[in-house]
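The opening residue of the sequence shown carries number 64 in our numbering; numbering runs sequentially from there. This report concerns only the one structure given below.
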Amino acid sequence: QLSLRDSMQIEPYYIRNVTVYSGYDSFGRRNFRPVDSANYEDVKILYNRAGFLRPKMIGYNTYIRPKQRYSEYITNRTYDNFSSLGVVQRTTIVYDELMQNDTAMLDCNIFLTSGNLHGLQAGLDGTNKAGDLGVAGNISYTHYNLFNGGEVLNVKLRGSYEMMTGNVDSIGGRNYYSVGLETSLMFPQVHIPFLGQNTRRNLNMTTTYSVAFDIQKRPEYLRNFFNLGWRFNWVNRRKTISHT
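Here is the structure:
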């Protein structure tokens with residue numbers, strides 16, 4: 064927490080150093096044992112686990128920089144950026160106050176606690192449509208840090224089967240089934256050429272690529288679907304409007 068000396072004092076605080084502890088746990092800063100380090104745009108990064116968020120991604124989401132004035136706005140933006148990454152379970156920002164040449168300075172320490180890299184979900188439902196009984200199920204796998212940059216890979220397999228009890232053509236059969244596979248990959252950045260760096264960061268943009276294939280068989284027809292998706296999502300600074 065930032066400790067201001069006097070609420071009536073208008074002397075600004077300046078950032079001296081910015082250090083990111085990547086892979087931090089709850090045992091305290093003194094027990095943090097770095098196995099690697101890196102620097103990105105004057106941000107020092109310490110790793111206690113190799114491969115958890117590459118330096119460029121950490122620097123991209125860190126708005127706080129040395130020689131800047133302290134700002135609650137850029138502190139909150141940094142919180143929001145890291146909190147939006149599925150692989151980051153918790154973000155903590157701590158300022159250490161000190162005086163340097165009669166100037167109020169702050170050392171900024173950002174602690175990133177890693178979450179689960181993998182997720183698995185499954186579901187099974189029974190269906191009853193006008194007396195036609197069936198079953199539907201799905202299973203999905205998610206990787207929350209595929210290329211060590213917060214990329215989210217999701218693979219979902221779904222299927223359903225239904226017994227048709229009404230008057231149907233014997234040639235078409237009495238069964239209805241569908242099988243589908245969908246894969247998506249989300250990048251916490253926007254992939255649009257010629258877009259400035261400030262615009263990319265200020266709009267909190269993400270890019271998602273998806274591929275889906277479905278087979279549907281009914282008594283009346285058999286059809287296949289193949290879909291490709293390229294989706295952008297962004298919100299304004301006030302987080303009042305979201306676009307897709």
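Cβ coordinates follow ideal geometry from the N, Cα and C atoms, glycine included. Fair warning: this is a prediction, and the values are worked out from it, not measured in the lab.
Residue 176 and residue 153 do touch by the CB rule: their CB atoms are close to 4 Å apart, below 8 Å.
Of the candidates 300, 134, 179, 151, the residue whose Cα lies closest to the Cα of residue 84 is 151.
Note on the stretch 101–177: whole alpha helix (DSSP H) runs with a minimum of 4 residues are 118–124, 135–146, in chain order. The Cβ neighbour count for residue 286, taken over all protein chains shown within 10 Å, is under 16; the residue is labelled exposed. Distance check between residue 275 and each of 161, 248, 215 places 248 closest, using alpha-carbon atoms only.
In this structure residue 120 is buried. Its beta-carbon is surrounded by 16 or more other beta-carbon atoms within 10 angstroms. When the five nearest sequence neighbours on each side are left out, the beta carbons in the same chain lying within less than 6 Å of the beta carbon of residue 243 are those of 221, 277, in order along the chain. It is roughly 7 Å from the alpha-carbon of residue 206 to the alpha-carbon of residue 217. Across the structure, residue 181 and residue 116 are spaced so that their CA atoms are roughly 15 Å apart. Looking only at 268, 188, 288, the smallest Cα-Cα distance to residue 307 is reached by 268. Excluding five sequence positions before and after residue 224, the CB atoms of its chain that fall closer than 6 Å to its own CB belong to 197, 198, 240, given in chain order. In its chain, beyond the 5 residues on either side, 107, 172 have a beta carbon closer than 6 Å to the beta carbon of residue 82. Sequence-distant partners of residue 209 (beyond 5 residues in either direction) whose C-beta falls short of 8 Å from its own C-beta, in its chain, are 215, 216, 248. In this structure residue 148 is buried. Its beta-carbon is surrounded by 16 or more other beta-carbon atoms within 10 angstroms. Distance from residue 167 to residue 76 at the Cβ level is roughly 5 Å; contact confirmed, criterion being Cβ atoms closer than 8 Å. For residue 200, the uninterrupted beta strand (DSSP E) segment begins and ends at 195–206. With respect to residue 80, residue 170 sits close: the two C-beta atoms are nearer than 8 Å.
Assigned with DSSP and collapsed to three states, residue 252 falls in coil, not helix or strand. DSSP links residue 294 through a beta bridge to 271. Inclusion of residue 159 and residue 128 in the CB contact set at 8 Å is not warranted, their separation being larger than that value. Residue 263 carries a helical assignment under DSSP once its states are collapsed to helix, strand and coil. Distance from the CA of residue 140 to the CA of residue 279, rounded to the nearest whole angstrom, comes to 46 Å.
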